[in-house]
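Sequences listed follow chains A and B, in order. Be aware that the first sequence starts at 354, since it is given in our numbering, and climbs by one per residue. Be aware that the second sequence starts at 51, since it is given in our numbering, and climbs by one per residue. In this text, a Cβ means the ideal position worked out from N, Cα and C, and glycines have one as well. Nothing here was measured: the structure is a model prediction, and the numbers come from that model.
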Amino acid sequence: MKTFFAFIQKEFRHVLRDKRSLVILFGLPVVMMILFGFALSSEVKNSNVAILDYAQDDASRLLIDRIDQSQYFSVHQKLHSEAEIEQVFRKGQVRLVVIFPQHFQQDLLHSNHVQVRLVGDASDPNTSNIVINYASSIFRDYLNELSNNKKLPYSIETETRMLYNPQLKSSYNFVPGVMTLILMLLGAMMTSVSIVKEKEMGTMEILLVSPMRPLLVVLSKAIPYMVLCFIDVVIILLLAVFLLDMPIRGSLFLLLAESLLFILTTLSLGLLVSSVVDSQQTAMFLSLVGFLMPALVFSGFMFPIENMPLPLRIMSNIVPTKWYYSIVRAIMVKGLGFSYVLKQTLILVGMTVFFLGIAIRKFKIRLA
Amino acid sequence: MATVHVENIKKTYDKGSVLALDNVSFDVKSGELFGLIGPDGAGKTSLFRILTTLLLPDGGHAQVAGLDVVNDLWKIRRIVGYMPGKFSLYQDLSIEENLQFFATVFNTTVEKNYHLIEDIYVQIEPFKKRLAGKLSGGMKQKLALCCALIHEPKVLFLDEPTTGVDPVSRKEFWDMLDRLKTRGITIVVSTPYMDEASRCDRIALIQKGKILELDTLTKIIGRHTQNLYAVNADNRYQLMHDLRKPAEIESSFAFGEEQHVTLRTPENGKNYLIDYLTQTGHSDITVRKIEPTIEDVFIKLMLENQ
């Protein structure tokens, strides 16, 4: 037991004396949170719009005003011919062009039917979709106001409610994502690198020629990183709640417990890597490409898994990040209890036991 | 009784294509300071790793303190001290922290076994707060020795402990080994420096995985009395060239400032060499008959084994 604590103490000294690993451990989560929170927002605000107004009547002017006043758009310029449309898009000055036909107001009021053309820049499909939606809703609102005065014979009104995230804040999406990515990266990379470093420096040789059992070496390597990763979880949650105003709807205790479980999963992956790899560079490379990439692709954080082809959807199941991501979202955003994340929890437990088992079995008690 | 018993140990690498140890056998007596002497790549490190249970031999048996290196792995790891060839302590921990850590790893404390390392530790104690990575070569070796000694090992394996260390520190290091020997610790040490052979009780000359000779230094040298001459002349290059020609000359190699030459016929070697060199047009010729050193013996054995 004393050996165990001495080893843990030693491990903390390694981390605390190495400025680079400190920066990665504590700088990375803060930087990522701030980047995603303020710089890399997927909310679209103040998009530039160009207007081609053939009508030049009251209705079109009113709508142009409304578009300009909405927080999503600002009218950047007025065009005078169709030919200019392509030009402004090419220059990348606007995301959307709104074209009002001739006799807009007249047709609207008298024939009850009029077409407004919205032209979006789909080189960025997600954004142009969002922009078109925002614009359409402005027209819809206007139409509703008009029809309040007149009774339409038939109409279906769709009332939309966005559950859990009514303001469609992107932080609800990326906070769980950032947590998943950071833990995956740090847990797997830092542990594997720290063990492989002992191999590279030759200290493993001395540790092996000592009565210390492999299991103890492996465990005492994992525990300091478990503590450090847990501190990262707390940092991220603090930033999310106090800086980005994101509530934790479910139980905080459950969230922390699940995070601890996921940390164990990533640590055991790191231990697994270290048992098959002999150089720090390979360990780092394997953690980045082997774990971070799948974590990014298959967690559902950036790309919806439902849209993937079947083989990829099946593959996503073996990526632990997918399960943790869904746990965090369920607890933080939806405020669900333990019974709702039981399945994911069990899967993570299973993965951890599996990885840890192989790692311990593969741990070499000799050099070769 | 032999503390280290090695019997027909064989070790190959890369699926048998590289032969590192070729049926090596020897015994190290209890309390002995035993030297493995040979150039880089001779197989010294492989042998150490097998004896410290770090590698499995491909053939043969070895015992350390009566324990089998393959089956009694955990028992051996308790009783041996090992200092690898490469400095293998934590560079980002201080002297004190390294020592304490290794003491704890071996389930002991620095205080309990301080008497074992005291002689050595006092020399580095003034720097105990300094990180191991910032120590000089000699101090690193002393610290590594302290760490290897802290659990009072029965057998100490030191793999090239003096490589890359300055001559003064090297001498100090061997003095320390002498003192450890008086405590009854069996020490197996390897070195590429021939001059360190004289500090060992017995030595094994090892080359390409084979033991060429094994005995005390004086006995080995005595067994290889040679017709050895130190030769010099003004044109060194021409001298080296000419000494290779005659069939009478068995071997000729550069040795410091001189050429060491052995002759096949024992009589009148000095006159023969002076005559021959005068004939080939050398001037300033000096020829001395000399006693062989361990290096001469080693070179001779090496040439014989090629």
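Along the stretch 363-377 of chain A, what residues have a CB closer than 8 Å to any CB found in chain B? Against chain B - using a Cβ distance shorter than 8 Å - the residues of the stretch 363-377 of chain A are Lys363, Arg366, His367, Arg370, Asp371.
For the alpha helix (DSSP H) containing arginine 252 of chain B, name the first residue and the last one. Walking along the second sequence from the start, residue 252 of chain B turns up at place 202. Here arginine 252 of chain B belongs to no alpha helix (DSSP H); instead the beta strand (DSSP E) covers 252-257.
Measure from the C-beta of threonine 544 of chain A to each C-beta in chain B and report whether the shortest distance is under 9 Å. Your numbering for residue 544 of chain A matches position 191 in the first sequence. Taking Cβ atoms only, chain B never reaches closer than 9 Å to threonine 544 of chain A, which makes this a no.
Inside the stretch 501-586 of chain A only - alpha helix (DSSP H) runs reaching at least 4 residues: If only complete runs of 4 or more residues are kept, the stretch 501-586 of chain A shows the alpha helix (DSSP H) at 524-554, 556-561, in order along the chain.
Nearest candidate by alpha-carbon position, reference aspartate 122 of chain B, set B:Ile100, B:His291, B:Arg273: In the second sequence, residue 122 of chain B corresponds to position 72, counting from 1. By alpha-carbon distance to aspartate 122 of chain B, the top candidate from B:Ile100, B:His291, B:Arg273 is B:Ile100.
Could you tell me how far apart the beta carbons of leucine 37 of chain B and glycine 319 of chain B are, in whole angstroms, since I believe they sit closer than 8 Å? As shown, chain B starts at 51 and ends at 356. That puts residue 37 of chain B outside it, with no answer to give.
How many Å lie between leucine 695 of chain A and valine 681 of chain A at the Cα? Locating residue 695 of chain A in the first sequence gives position 342, where the first residue counts as 1. Locating residue 681 of chain A in the first sequence gives position 328, where the first residue counts as 1. Cα-Cα distance, rounded: 12 Å.
Chain B residues whose Cβ lies nearer than 7 Å to that of arginine 553 of chain A: If you number the first sequence from 1, residue 553 of chain A lands on position 200. What sits at residue 553 of chain A in the sequence shown is glutamate, not arginine. Under the 7 Å cutoff, chain B gives no residues; its nearest Cβ is about 10 Å from glutamate 553 of chain A.
Rounded to the nearest angstrom, how far is the Cβ of tyrosine 407 of chain A from that of proline 454 of chain A, given a contact under 8 Å? The residue given as residue 407 of chain A occupies position 54 in the first sequence. The residue given as residue 454 of chain A occupies position 101 in the first sequence. Tyrosine 407 of chain A to proline 454 of chain A, Cβ: 6 Å. Contact.
Should the stretch 525-535 of chain A be called in touch with the stretch 69-77 of chain B, which here means at least 3 C-beta pairs below 8 Å? With a cut-off of 8 Å, the stretch 69-77 of chain B and the stretch 525-535 of chain A do not count as touching, because too few Cβ pairs lie within range.
With a threshold of 6 Å on Cβ separation, who are the neighbours of serine 413 of chain A within its own chain once the five nearest residues in sequence on each side are excluded? By 1-based counting over the first sequence, the position of residue 413 of chain A is 60. Within the same chain, serine 413 of chain A has close Cβ partners Asp406, Phe453, Phe457.
Please decide whether cysteine 196 of chain B counts as near chain A, where near means a Cβ-Cβ distance under 9 Å. Working through the second sequence from its first residue, we reach residue 196 of chain B at position 146. For cysteine 196 of chain B, the answer is no, since every Cβ of chain A falls outside 9 Å of its Cβ.
Between which residues of its own chain and leucine 208 of chain B is the CB-CB distance below 6 Å, once the five residues before and five after are set aside? Mapped onto the second sequence, residue 208 of chain B falls at position 158. Within the same chain, Met133, Val239 come within 6 Å of leucine 208 of chain B by CB-CB distance, once the 5 residues on both sides are set aside.
7 Å Cβ shell around valine 428 of chain A - same chain, five flanking residues per side excluded: Reading the first sequence from its first residue, position 75 is the one you call residue 428 of chain A. Only Val402, Ile404, Ile417, Ile420, Asp421 meet the Cβ criterion.
Ignoring anything shorter than 3 residues or poking outside the stretch 448-487 of chain A, list the beta strand (DSSP E) runs there in chain order. Restricting attention to beta strand (DSSP E) runs no shorter than 3 residues, the stretch 448-487 of chain A encloses them at 449-453, 470-473, ordered along the chain.
Say whether the stretch 443-453 of chain A touches the stretch 476-487 of chain A, bearing in mind that this needs 3 or more beta-carbon pairs closer than 8 Å, one atom from each stretch. Taking 8 Å as the limit for Cβ pairs, the verdict is that the stretch 476-487 of chain A does touch the stretch 443-453 of chain A.
Simplified DSSP assignment, three categories, for alanine 280 of chain B: Position 230 of the second sequence, counting from 1, holds the residue named residue 280 of chain B. Secondary structure of alanine 280 of chain B (DSSP, three-state): strand.
Any beta carbon from chain A within less than 9 Å of phenylalanine 156 of chain B's own beta carbon? Taking the second sequence and counting its residues from 1, one reaches residue 156 of chain B at position 106. For phenylalanine 156 of chain B, the nearest beta carbon of chain A is closer than 9 Å to its own beta carbon.
Given that lysine 355 of chain A touches chain B, what residues does it touch there, using C-beta distances under 7 Å? Taking the first residue of the first sequence as 1, we reach residue 355 of chain A at position 2. Within chain B, Thr154 have C-beta atoms less than 7 Å from the C-beta of lysine 355 of chain A, given in sequence order.
Proximity test, Cβ basis, 9 Å: isoleucine 718 of chain A and chain B: The residue you call residue 718 of chain A lines up with position 365 of the first sequence. Yes, its Cβ sits closer than 9 Å to a Cβ of chain B.
Determine, using beta carbons only, whether valine 562 of chain A comes closer than 9 Å to chain B. Counting from 1 along the first sequence, the entry for residue 562 of chain A is found at position 209. In terms of beta-carbon proximity, valine 562 of chain A lines the interface with chain B, with at least one pair separated by less than 9 Å.
Compute every distance between the C-beta of valine 450 of chain A and the non-hydrogen atoms of the ligand COA, then say whether any falls below 8 Å. Ligands in the displayed structure: none, and consequently the ligand COA is not present.
Terminal residues of the beta strand (DSSP E) in which isoleucine 369 of chain B lies: Look at the range of chain B in this structure, 51 to 356, and you will see that residue 369 of chain B is not part of it.
Show which residues of chain A have a CB atom less than 7 Å away from the CB atom of leucine 106 of chain B. Start at 1 with the first residue of the second sequence, and residue 106 of chain B comes out as number 56. Neighbours of leucine 106 of chain B on chain A, chain order: Arg719.
Within-9 Å CB hit, alanine 575 of chain A to chain B: Here residue 575 of chain A is taken as the residue at index 222 of the first sequence, counted from 1. No, its Cβ sits nowhere closer than 9 Å to a Cβ of chain B.
Tell me which same chain residues have a C-beta within less than 6 Å of the C-beta of alanine 475 of chain A, skipping the five on either side of it? Sequence index remark: in the first sequence, residue 475 of chain A carries index 122 (1-based). Within the same chain, Cβ atoms closer than 6 Å to the Cβ of alanine 475 of chain A are found at Ser481, the five residues on either side in sequence being excluded.
Taking beta-carbon pairs under 8 Å, can you tell me which members of the stretch 695-720 of chain A lie near chain B? Flagged, chain order: Ile718, Arg719, Leu720.
Proximal residues of chain A, C-beta to C-beta of proline 134 of chain B below 8 Å: On the second sequence, residue 134 of chain B is found 84 positions in, with the first residue counted as 1. Going along chain A in sequence order, the residues near proline 134 of chain B (Cβ under 8 Å) are Gly555, Glu558, Ile559.
9 Å is my cut-off, CB to CB: does glutamine 113 of chain B come that close to chain A? The residue labelled residue 113 of chain B in the question sits at position 63 within the second sequence. Chain A contact via Cβ: absent.
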